[in-house]
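**Student:** For reference, the structure I am asking about is given below.
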């Protein structure tokens with residue numbers, strides 16, 4: 004397969020490197036377009052008004068070609084689809100350092116890049132490893148799961164949708180199974196704005212994870228119990244079930 008890889012942690016992510024090496028060693032034609040630095044929580048933002056420097060790397064972990072971009076993760080996908088003369092069979096965004104679960108997917112640059120791929124008609128996967136680690140942590144189980152199930156995952160991808168996959172930070176031998184489930188609908192973060200000492204009108208934002216109900220059938224419940232979760236996310240955000248509530252507005 005011709006596979007496009009990107010992420011939101013930057014091209015120096017050990018997870019991206021490991022995945023590129025693995026898929027290349029399996030005989031796939033792997034292409035990488037990734038941000039030059041950390042672009043977490045950039046969601047589906049794109050750069051419409053500023054110039055972007057995009058540089059080709061001499062080599063990258065067995066990839067056929069690799070580029071680094073000063074833009075967002077979604078910009079990386081736009082560049083690949085617009086400039087690289089390749090018909091991609093699959094896009095994988097990640098693996099991300101930290102889960103992209105529940106309503107956190109709304110902020111995720113990893114998911115945003117995968118959604119951009121779906122807009123272009125590529126079968127697209129957002130892959131994340133549960134838990135954030137300052138040094139990146141281990142991505143071996145996430146990469147192993149994707150590589151071992153690549154054909155089935157590719158077949159399972161549908162048009163104008165993304166498979167959002169979260170893999171617990173456990174050895175593969177301790178993974179209990181795979182659950183197909185919905186996103187957690189509860190609020191996941193508590194935002195705190197902290198004033199920077201000695202600087203007028205300068206603030207930092209610090210998000211903290213909130214406890215959620217882990218008795219319900221959703222992604223956070225199952226990853227906390229040692230399961231890999233797979234959740235389909237569609238690009239169509241129309242609230243069809245709410246049409247009946249709006250009948251009085253029609254004229």
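In the working numbering, the protein residues as written are 4 to 254. All C-beta atoms, glycine included, are put in the ideal place defined by N, C-alpha and C.
For residue 2 and residue 128, I'd like the C-alpha separation in whole angstroms.
**Tutor:** Because the chain here runs from 4 to 254, residue 2 falls outside it and cannot be looked at.
**Student:** Where does the unbroken alpha helix (DSSP H) through residue 6 begin, and where does it stop?
**Tutor:** Per DSSP, residue 6 belongs to no alpha helix (DSSP H); it is in the beta strand (DSSP E), 5-9.
**Student:** Roughly how many angstroms lie between the CA atoms of residue 62 and residue 52, to the nearest whole one?
**Tutor:** Taking the straight line joining both Cα atoms gives about 30 Å.
**Student:** Would you decide whether residue 174 is buried or exposed? Buried here means 16 or more other CB atoms lie within 10 Å of its CB.
**Tutor:** So residue 174 counts as exposed.
**Student:** What did DSSP end up calling residue 221 once you bin it into helix, strand or coil?
**Tutor:** Strand, per DSSP.
**Student:** DSSP state of residue 88, grouped into three classes?
**Tutor:** Coil.
**Student:** Just mark residue 79 as buried or exposed, buried being the case when its beta carbon has 16 or more other beta carbons within 10 Å.
**Tutor:** The residue is buried, with at least 16 neighbouring Cβ atoms inside 10 Å.
**Student:** In angstroms, rounded to a whole number, what distance separates the CA positions of residue 71 and residue 59?
**Tutor:** Rounded to the nearest angstrom, the two C-alpha atoms are 7 Å apart.
**Student:** How many angstroms separate the CA atom of residue 112 from the CA atom of residue 248?
**Tutor:** The straight-line gap from Cα to Cα measures roughly 33 Å.
**Student:** Per DSSP, which residues does residue 211 bridge with? Please list them.
**Tutor:** DSSP output for residue 211 lists 193 as bridge partner(s).
**Student:** Alpha carbon to alpha carbon, what distance is there between residue 85 and residue 213?
**Tutor:** The alpha-carbon atoms of residue 213 and residue 85 are separated by roughly 40 Å.
**Student:** Is the CB of residue 9 under 9 Å away from at least one CB in chain D?
**Tutor:** No chain D appears in the structure shown, which is made up of a single protein chain.
**Student:** Run through DSSP, which three-state label would residue 125 get?
**Tutor:** Three-state result, residue 125: coil.
**Student:** Taking 9 Å as the threshold (C-beta atoms), are residue 118 and residue 77 in contact?
**Tutor:** Yes, Cβ-Cβ distance for residue 77 and residue 118 is below 9 Å.
**Student:** With the cut-off set at 9 Å, would you say residue 145 and residue 131 are in Cβ contact?
**Tutor:** Yes.
**Student:** Alpha carbon to alpha carbon, how far is residue 188 from residue 107?
**Tutor:** Approximately 10 Å, taken between the alpha carbons.
**Student:** Based on Cα-Cα distance, which residue from 28, 158 and 190 lies nearest to residue 94?
**Tutor:** Minimum Cα distance to residue 94 is reached at 158.
**Student:** Span of the beta strand (DSSP E) holding residue 58?
**Tutor:** Taken as a continuous stretch (DSSP letters only), the beta strand (DSSP E) holding residue 58 covers 57-59.
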